[in-house]
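Here is the structure we will look at.
Okay, here's the thing in structure tokens:
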């Protein structure tokens, strides 16, 4: 039983904490917006009967003033939460993730008390909601929950990037599950029971989360002694130094030099996070106001049902897509070996006197694995991978250098030549051994590419042509007619054709290509193509047929200008690619005579434009359809489309269709978090997520300024304008992810 409990502890970690926080947040979202609108209406009309009847009040005036109050609320939450968000992540790297996770829940209880007081005491001003916002922001709010939770998951999945993506996707899905439950409860409680019940459920979620963290969660790594500095230091200057230290750690994790372009990638991922949260917060800020305005006229309960359905669809699509993007047989795959850092940590803890059971609970490693690592260290005094046993290689290091040098000097050397060279040196090997040895060196036998024979005069002419046309605009090339001729033989497809056959079946009719002497006849095709249809500038090479007197005379009469072209340069003409495609399609039709060959050539030439367009449109999607980055890009596109639809929605069914269109929209951020976590080191997870959280906290203020400020201005003319802006931001994220 204790072993099952420990196994369950490793599986179920931060997900319930995220669920409780997001459920409480989405319960409060319609409730506090409804509270603000009621308070504003009461201050304007001084009569509760007018505020309860929407037909007797000026909805536009109430919504405009409520929008500005909500702007102040989100601004307070944002400004207060930025400093804690910068500090807490780096502190969690030292003090542990659980401590940081507890703080937002504790202060959110106080904010719930303030909101309950505003409901119960009718004379309290609407501006008391700013105190509730300050309590939420003091510990970073939801960004602190995210940074501590995702840092926790990064710690326990440090040895498996695929597992990290899946675990973070599941944790991210708790946002949608919490949203589904929270919006459903929030709308129902606010409209049918009252605001007291809604804010009571809000505080109850935080109480349950605090109990869960205290009784169930364990930090994935030991708490560093740095915590004692904060708890025992009485000197204010020393405390300020520690705070600055954690802030510097967050900035250092973001701006330190990294291999390749990892630092640039990290910065772009953080920018995508900022824009995604900008859109999400803008959505939450104005959606209720927008849906309650005519002609939609949603009630609070309808708003809750809509958002609950929206979150449910996001959750369903989010989990199915992220799980399908993993390796299909990952459960049957070989377990990945532990990293060297983990093996060293096991030995260090063993030397410190800890038992194997205690080490296994702390690091999440099987007891049998730890025993093997400890026994290996006792025997060999190392944790490095030892040389594997097996037969020695037939080719010695000196022989390897010899054959590698030979093929580098003369790439056309055959395997038989290399076998003879080694045999003269006293080593007897087969051709297969030669192939395997060269493959390990990155050398592979390939067909020789055919290129035009270029003399120095040809090289100079090509270079001169390139320099003269280097700065020609694209429009000039679109007006060129690309022309050339080619010969197609009836049975003359010269490229090698491969078939799957059994032994001694090489002469079966299905496994042969019929041939006749001299190719069985051929036809000469002369074709052309252009980007913009017929033009007056034609390009062909210096073949004698092109420079013949009759050809020149015909072009002159038709008023065609011939583009000069360097000789021996057919490879520069893009029509060569079309000829190759044409010959492949013609060979598949297997014409039996010259007449059929000519007809098939004309038919296949007419099909080439459509074939090319389909290839350009479908191939990139099919090539990357299972990659997580592609899933993230598709998610952004669907999210943008849903906002455009929402902006122009005029009735209930169009609003609910938004939830269906935006169903894949929750994948992007999970992929971004996983990629960001993979770039930084094990001791920088909290610092990186801390910086990301501070960016998210900053965008709360910016989103509120943009959308709550824009909504009252566009309300009389086009109320859906904020959602068009959100769709534009989604397109920017799509561009950045390229």
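In the UniProt record's numbering, the protein residues as written are 1 to 738.
A virtual CB, placed ideally from N, CA and C, is assigned to each residue, including glycine.
query: Can you tell me which of the three DSSP states residue 651 falls into?; result: coil
query: How would you call residue 329, buried or exposed, if buried means at least 16 neighbouring beta carbons within 10 angstroms?; result: Confidence is the limiting factor: at residue 329 the pLDDT is only 39, short of 50, which leaves the residue's position unreliable, though a coordinate-based value still follows. It counts as exposed.
query: Around the Cβ of residue 602, are there at least 16 other Cβ atoms within 10 angstroms (buried) or fewer (exposed)?; result: exposed
query: In whole angstroms, what separates the C-alpha of residue 561 from that of residue 477?; result: 14 Å
query: Pick from 81, 22, 69, 64: whose alpha carbon is nearest that of residue 694?; result: 81
query: Please tell me whether residue 711 and residue 286 are closer than 7 Å, where the distance is taken between their beta carbons.; result: yes
query: Taking all protein chains shown into account, do 16 or more other C-beta atoms lie within 10 angstroms of the C-beta of residue 446, making it buried, or fewer, making it exposed?; result: exposed
query: Does DSSP classify residue 471 as helix, strand or coil?; result: coil
query: What is the rounded straight-line gap between the Cα of residue 236 and the Cα of residue 87?; result: With a pLDDT of 49 at residue 236, under the threshold of 50, the modelled position of that residue is not reliable, and the figure given next carries that caveat. Near 16 Å, if we compare the C-alpha coordinates of residue 87 and residue 236.
query: Take residue 574 and list the residues in its own chain whose beta-carbon comes closer than 7 Å to its own, dropping the five residues that flank it on each side.; result: 482
query: What is the C-beta distance between residue 774 and residue 190, in whole angstroms, given that I count them as a contact (C-beta under 8 Å)?; result: Nothing about residue 774 can be read from this structure; the chain reaches only from 1 to 738.
query: Going straight from the alpha carbon of residue 331 to that of residue 166, what length do you get?; result: Caution is warranted here: a pLDDT of 36 is assigned to residue 331, below 50, making its placement in the model unreliable, and the coordinate value is therefore given only provisionally. Their Cα atoms are separated by approximately 13 Å.
query: Helix, strand or coil for residue 96 per DSSP?; result: coil
query: Would residue 739 and residue 108 qualify as a contact pair, given that the criterion is a beta-carbon distance under 7 Å?; result: Nothing about residue 739 can be reported from this structure: the residues present for the chain run from 1 to 738 only.
query: Residue 466: buried (16+ other C-beta within 10 angstroms of its C-beta) or exposed?; result: exposed
query: I think residue 658 touches residue 645, with their Cβ atoms under 8 Å apart; what is that distance to the nearest whole Å?; result: 5 Å
query: Just verifying my parser: in three-state terms, what is the DSSP assignment at residue 186?; result: helix
query: Is residue 445 helix, strand or coil when you go by DSSP?; result: coil
query: Is residue 112 buried or exposed, if buried means 16 or more other CB atoms sit within 10 Å of its CB?; result: buried
query: Are the beta-carbon atoms of residue 566 and residue 461 separated by less than 7 Å?; result: yes
query: Keeping to the same chain, check which residues put their C-beta closer than 7 Å to that of residue 621; ignore five residues upstream and five downstream.; result: Annotation note: pLDDT 42 at residue 621 (below 50); position unreliable, no value reported.
query: Excluding sequence positions up to five away, which residues of its chain have a Cβ less than 6 Å from the Cβ of residue 721?; result: 714
query: Label residue 761 either buried or exposed according to how many other C-beta atoms from any shown protein chain fall within 10 Å of its C-beta, with 16 as the threshold for buried.; result: Within the shown structure, residues of the chain are numbered from 1 to 738, placing residue 761 beyond reach of any answer.
query: What's the gap between the Cα of residue 264 and the Cα of residue 126?; result: 44 Å
query: Can you check whether the CB of residue 429 is closer than 7 Å to the CB of residue 438?; result: no
query: Using a Cβ-Cβ cut-off of 6 Å (strictly less than) and excluding sequence neighbours within five positions of residue 623, which residues of its own chain qualify?; result: Residue placement at residue 623 is poorly supported in this model, since its pLDDT is 35, which falls under 50; the coordinates still yield a value, given next. So no residue of the chain qualifies.
query: Can you list, in chain order, the stretches of the alpha helix (DSSP H) that have 4 or more residues and sit fully within the segment 350 to 399?; result: 356 to 363, 367 to 380
query: Measure the CB-CB distance between residue 288 and residue 303 and report whether it falls below 7 Å.; result: yes
query: Give me the Cα-Cα distance between residue 527 and residue 453, rounded to the nearest whole angstrom.; result: 24 Å
query: Measuring alpha carbon to alpha carbon, tell me which residue in 27, 291, 271, 293 is nearest residue 194.; result: 27
query: With DSSP collapsed to three states, give me the class of residue 14.; result: coil
query: When DSSP builds the beta bridges, which residues end up paired with residue 484?; result: 527
query: Tell me whether the beta-carbon of residue 745 lies closer than 7 Å to the beta-carbon of residue 415.; result: Residue numbering for the chain in the displayed model covers 1 to 738; residue 745 lies beyond these limits and cannot be assessed.
query: Can you tell me the Cα-Cα spacing of residue 585 and residue 736, whole angstroms?; result: 39 Å
query: How many Å lie between residue 20 and residue 83 at the Cα?; result: 24 Å
query: Run through DSSP, which three-state label would residue 489 get?; result: strand
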